[in-house]
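**Student:** Sharing a structure, written as structure tokens. Questions coming.
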Amino acid sequence: MNVPVTSTLPKHDIADASLAAEGRKRIEWAERNMPVLAQIRERFEKSQPFAGVRISACMHVTTETA
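Here the sequence shown stands for residues 43 to 108, where the numbers follow this note's numbering.
Put into structure tokens, the structure is as follows:
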């Protein structure tokens, strides 16, 4: 999953942007080793069950959940 960074994105306070590459590696690891997540993503991309619905969530991110 590659998300392009554009100048239209809001600015955020990031403590250490140099850690982004390591975070990306962890996300990619989860995608490779947790096939159920990939299956859910593929199914929802096709069926769009939440089209037109605004969903929000709040999550405490730790190194284990990054």
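Each residue gets a CB set at the ideal place from its N, CA and C atoms; glycine is no exception.
For a quick check, are the C-beta atoms of Leu-79 and Ala-72 less than 8 Å apart?
**Tutor:** Taking 8 Å as the Cβ cut-off, Leu-79 and Ala-72 qualify as a contacting pair.
**Student:** So what does DSSP say about Ile-69, is it helix, strand or coil?
**Tutor:** In the three-state reduction of the DSSP assignment, Ile-69 falls in the helix class, which pools H, G and I.
**Student:** I'd like the span of the alpha helix (DSSP H) that includes Arg-85, first residue to last.
**Tutor:** 77-89
**Student:** Rounding to the nearest angstrom, what Cα-Cα distance links Val-103 and Gly-65 in this structure?
**Tutor:** 11 Å
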